[in-house]
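Per this note's numbering, the sequence shown runs over residues 3 to 406. A short worksheet on the structure shown next.
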Amino acid sequence: MQSYDAIIVGGGIFGWSAAYHLQQLGCTNVLVVDASAPGIATTGAGAGFVGAWAAGFGPAGWGQNELALEEYSIEFYRALGKRADIQLRENGNLFLARTKAGYDAYIAPMLRHALTPPDIQSLDAGAIAELSDGAIAATEVYGATYHPRGIQVHTTPAVQAIADAVLAAGGTAVNGEQVATLLMDGARVTGVVTRNGHSFMSRTVLLACGAWSNDILATIGMTLPIFRVVATRVIGNASGVPSGLPTIMIPEQGAWIREHKGGLLWGTGDGYKAVQELPFDLPIGTRPYYPELVTSLTDAVQESFQRLFPKADLAVREWTQGVPVYTVDRTFIAGPVTAIQGLHLLTGDNEAGVTHGPALGRLAAEQMLGRPVSDVDPVVFAPGRFTTTYADEAAVARAMPPRR
Ligand SMILES: Cc1cc2nc3c(=O)[nH]c(=O)nc-3n(C[C@H](O)[C@H](O)[C@H](O)COP(=O)(O)OP(=O)(O)OC[C@H]3O[C@@H](n4cnc5c(N)ncnc54)[C@H](O)[C@@H]3O)c2cc1C
């Protein structure tokens with residue numbers, strides 16, 4: 003049996019970010035155990051948009067705490083992009099309206115938002131076409147706001163780069179091993195045991211298990227109030243899209259669009275479905291496969307997006323899906339489990355884990371080591387904030403506040 007200063011179960015963006023920050027705080031002997039490999043599960047489906055969502059684009063309840071996480075993460079990826087090829091693009095976030103109604107409902111309020119970045123720009127149709135290097139048809143848009151500091155990354159290489167840094171600094175990865183149970187000594191965690199019977203010992207354990215968080219928590223009689231969805235993204239053929247295209251959000255269509263290797267990458271709510279509405283039984287560490295959601299996505303927006311990007315070839319070249327984990331209050335879960343000494347949680351990504359992951363990893367690491375917490379009020383993210391129990395994920399979904 004090997005012993006570690008800290009064990010992290012789950013090697014997505016959350017788990018590896020926590021490992022990295024544990025090391026930054028002097029705890030080098032960390033172990034990350036994953037049923038799969040770094041950044042392959044939901045993180046591997048992530049579209050890689052990173053921005054100041056709390057400044058009027060994220061859920062209404064997000065505020066200074068979420069913004070502080072976003073600002074730290076943007077700088078984290080900027081620094082990481084200098085050391086490794088994570089396909090970082092410093093191209094800004096464009097929040098676009100195609101109609102006046104869309105502008106009045108979603109875009110104008112962003113200009114008035116209390117957390118609006120000082121360098122925000124307001125763009126008319128001509129300026130939008132110019133910013134996109136002619137890729138967007140000016141006749142198809144009404145107006146936009148532009149956050150120049152927003153970025154995009156490629157998720158799996160980003161997690162791999164973080165993992166490489168952790169391993170180079172003396173950390174350990176065990177891939178392809180599924181943790182079955184926690185080892186306990188009374189009310190204290192002492193390690194984990196995998197399905198293959200391997201035991202790893204530590205008095206500090208972080209569960210960063212994404213969509214499978216409640217599976218492992220069930221072994222200690224705990225359930226988080228989470229609601230999981232299958233989300234789809236597609237990539238078109240490589241043509242007609244400049245590499246400097248900003249990441250684009252169109253709230254009135256629930257759409258997000260960016261450049262990927264010369265083509266468009268995009269998704270909308272038409273490619274989403276709650277797991278309870280699907281025949282859902284996803285092996286740990288894998289990504290789902292529901293082609294019908296790709297069909298509903300393309301049927302809903304292909305024609306409209308073709309008018310918006312007349313030069314792009316939108317024939318679907320590849321697609322993938324992942325399982326974001328929403329929480330009943332729409333914000334993240336990061337902190338200790340009060341009933342079990344040494345056990346910490348990091349999950350509830352609310353489909354924004356690529357953006358917030360690095361900073362949440364730092365928050366988890368600081369709490370695991372009992373250090374002062376940087377930039378945020380940890381109470382907002384504490385697992386202990388949930389006092390109501392819900393019958394199932396549908397009940398959690400019903401209790402969630404509307405996004406805006
Ligand atoms: C289509 C799509 C687009 C998205 N776009 C964006 C975006 O543009 N920007 C953004 O910020 N976010 C985006 N997201 C959300 C983002 O991808 C997630 O928030 C993030 O990846 C969650 O990371 P995670 O580490 O919690 O989960 P995961 O990446 O799923 O990692 C959890 C890991 O835990 C492991 N695991 C679980 N249980 C066990 C166990 N018992 N033993 C061992 N290992 C275990 C799994 O193998 C897995 O590797 C998107 C998501 C999707 C699906």
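Glycine included, each C-beta is placed from N, C-alpha and C at the ideal position. None of the values given here were measured: they were computed from a predicted structure.
Taken atom to atom, the span from the alpha-carbon of Ala57 to that of Asp187 is near 45 Å. By the criterion of at least three beta-carbon pairs nearer than 8 Å, the segment 300–314 is in contact with the segment 249–261. The distance from the Cβ of Asp87 to that of Pro40 is about 15 Å, inconsistent with a contact at the 8 Å cut-off. With a 10 Å radius around the Cβ and a threshold of 16 neighbouring Cβ atoms, Ser241 comes out exposed. Taking Pro285 as reference, the option from Gln162, Val325, Val318 and Lys275 with the minimal CA-CA separation is Val325. A residue is called buried once 16 or more other Cβ atoms fall within 10 Å of its Cβ, and Ser201, having fewer, is exposed. In this model, Ala233 and Ala49 are separated by some 11 Å (Cα to Cα). DSSP places Tyr74 in the uninterrupted alpha helix (DSSP H) bounded by Gln66 to Arg85.
Between Gly269 and Gly238 the beta-carbon gap is near 12 Å, outside 8 Å, which marks them as no contact. Annotated three-state conformation of Val339 is coil, per DSSP. In this structure Pro404 is exposed. Its beta-carbon is surrounded by fewer than 16 other beta-carbon atoms within 10 angstroms.
Here the distance from the Cβ of Gly223 to the nearest heavy atom of ligand 1 is not below 7 Å. Here Met112 is buried. Its C-beta has 16 or more other C-beta atoms within 10 Å. Here the alpha carbon of Leu24 sits roughly 44 Å from the alpha carbon of Glu132.
8 Å or more divides the Cβ of Glu395 from the Cβ of Arg151.
With contact defined as three or more Cβ pairs closer than 8 Å, the segment 117–131 and the segment 210–227 are not in contact. In this structure, the straight-line span from the alpha carbon of Ala20 to that of Asp351 is close to 14 Å.
For the pair Ala354 and Trp55, the CB atoms are nearer than the 8 Å cut-off. One Cα belongs to Ser75, the other to Val398, and the distance between them is close to 28 Å.
Put simply, the backbone Cα of Ser38 is about 21 Å away from that of Val277. In this structure the segment 56–70 does not lie against the segment 127–144, because fewer than three pairs of beta carbons, one per stretch, are closer than 8 Å.
The shortest C-alpha to C-alpha distance from Ala127 to any of Ile10, Val11, Leu98 and Thr192 is the one to Leu98. With a beta-carbon spacing of about 6 Å, Ile153 and Leu90 fall inside the 8 Å limit used to define contacts.
Gly173 counts as buried, since at least 16 other C-beta atoms from the protein chains shown sit within 10 angstroms of its C-beta.
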